[in-house]
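This report concerns only the one structure given below.
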Amino acid sequence: MGDGIPSWLDERFLTASLQGEQNKQPNVSIVNFKIASPTTVNGYSSDIFRVQVNYRRGDSIQRESKSLVIKVPDPVGVLNILLGPVIFEKEYLCYKVLLPQLMLKVKCAFAAESFY
Numbered sequence: 440m441g442d443g444i445p446s447w448l449d450e451r452f453l454t455a456s457l458q459g460e461q462n463k464q465p466n467v468s469i470v471n472f473k474i475a476s477p478t479t480v481n482g483y484s485s486d487i488f489r490v491q492v493n494y495r496r497g498d499s500i501q502r503e504s505k506s507l508v509i510k511v512p513d514p515v516g517v518l519n520i521l522l523g524p525v526i527f528e529k530e531y532l533c534y535k536v537l538l539p540q541l542m543l544k545v546k547c548a549f550a551a552e553s554f555y
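Going by the working numbering, the letters in the sequence shown line up with residues 440 to 555, in that order.
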């Protein structure tokens, strides 16, 4: 793909992200998607792609839509140069562990849902 979009950021990746586990039901099928490249030249630790996905679940004819933010680690980003790869581990733990626990405690979904 052009515009610096990683080759793995494709229909298969989006299906896996929305589907969750491989054999999870109902199956997700992508109708179409559009990827917007990062608008800034230098990110601090990641390149951020915005993806608009239209998809269906199972045998449904109803189309669903999600707007996703895909963060791709930038090995030459400022924070990676200063702190090393530990910055990516901390960010992962924040989205997968800390934020979900905080949202449960306050009973309010104030952060983005992490899919993958």
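Built from N, CA and C at the ideal position, the CB exists for glycine as well.
Self-check item: alpha helix (DSSP H) segment containing residue 505, residue limits
Solution: It is not in any alpha helix (DSSP H) - residue 505 instead sits in the beta strand (DSSP E) that spans 503-512.
Self-check item: Straight-line Cα distance separating residue 511 from residue 485
Solution: Answer to the nearest angstrom: the Cα atoms are 5 Å apart.
Self-check item: Neighbourhood of residue 535 by C-beta, 8 Å cutoff - its chain only, sequence neighbours within 5 removed
Solution: So the list reads 553, once near-sequence residues are dropped.
Practice problem: Check residue 456 in the structure and name its three-state DSSP category. | Solution: Looking at residue 456 - three-state DSSP - the assignment turns out to be helix.
Practice problem: Figure out for me which residue from 465, 513, 487 and 493 has the closest Cα to the Cα of residue 504. | Solution: Scanning 465, 513, 487 and 493 for the CA closest to the CA of residue 504 turns up 493.
Quiz item: In the structure shown, what three-state DSSP assignment does residue 463 receive?
Solution: Residue 463: coil per DSSP, three-state reduction.
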